[in-house]
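Notes to accompany the following structure.
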Amino acid sequence: MKTKYLLTVPENVEVDKATVASIGENIETKGEIDYAIVSYKDSIEDALNAEFDKIKDSTYTHVCIINNGSILRDHARATASKYVDNEECVYLPIVELCNEPVKAGESVVFRGFLNSSVWKPYFATEIGVLDLALSKRGVDLIMDGCYIPKKVATKFKLNPEVKHFSGFEYFNRIISAGVEVVGIPKITLRAIKDYELKNVSKEDKLKYFKLAQESAMTKDPVAVEASTEK
């Protein structure tokens, strides 16, 4: 297993040194750096899709997205090596969610655990598996920290038209296309972000959440994938 970590950073925002250090600054494997800084202005989806394309001819087997400010746990690489054993399957670790500080100098606030619904019998049809029924509910899903195999990342692209919920839509679409998504029962990432979308109107949240759900109903998920390619 050889993972390319994709550190997403908004344009004109300083790269968080703690995030880089947690990934492993200057770690190299066979001449290839283990992470890339993915800078974006308007569309994080387009920026990530471009990075997905870059690994087509590389020796990397997986990509893992980490947003600026988040922290990869010390044991994350060892945990991934233990659980990730299928290069056609997406692996979904548990993620610790903390809110972004409202003001400079304020402490982050723990909010809960994401991707944990796959381990709860009152949510999951099959424990440890994200099936379409559970994915469409979008209970606590986050794409950050997931280990996405090269085969999936280079075939299925993020849809920039689904604002705010493109990661959720991605799960729905790849599962509809037959890709298996399974959980890792370990916390590998501390995500610091506005998961609740406090600055987005209720109308837009509902609009794009419904749009994300609709992609799971398409008769041809690969056609949806193709439509996002430039």
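The sequence shown begins at 312 in the numbering used here and counts up one residue at a time. Virtual Cβ for every residue (Gly too), placed ideally from N, Cα, C.
Does DSSP put residue i in a helix, in a strand, or in coil?
i           : result
residue 369 : coil
residue 435 : coil
residue 441 : coil
Could you please give the first and the last residue of the uninterrupted beta strand (DSSP E) stretch that includes residue i?
i           : result
residue 468 : Careful: residue 468 lies outside any beta strand (DSSP E) and carries neither H nor E.
residue 542 : This structure cannot speak to residue 542, because the chain is shown only from 312 to 541.
residue 384 : Careful: residue 384 lies outside any beta strand (DSSP E) and carries neither H nor E.
residue 478 : That residue, residue 478, is in no beta strand (DSSP E); its alpha helix (DSSP H) goes 477 to 487.
residue 497 : 492 to 503
May I ask which residues mark the beginning and end of the alpha helix (DSSP H) holding residue i?
i           : result
residue 334 : 328 to 334
residue 394 : 387 to 394
residue 513 : 513 to 525
What does a CB cutoff of less than 8 Å around residue i pick up in its chain, not counting 5 residues either side in sequence?
i           : result
residue 450 : 428, 434
residue 411 : 380, 419, 503, 504, 505
residue 364 : 465
residue 372 : 312, 313, 314, 398, 460, 461
Leaving out the 5 sequence neighbours to the left and right, which residues in its chain are closer than 6 Å to residue i when beta-carbon positions are compared?
i           : result
residue 384 : 499
residue 524 : 447
residue 479 : 449, 452, 523
Looking at residue j and residue i, is the spacing between their C-beta atoms short of 8 Å?
i           : j           : result
residue 469 : residue 360 : yes
residue 405 : residue 378 : no
residue 423 : residue 408 : yes
residue 493 : residue 400 : yes
Task: Stretch pair the segment 480 to 491 + the segment 440 to 455: three plus CB contacts closer than 8 Å - done: yes
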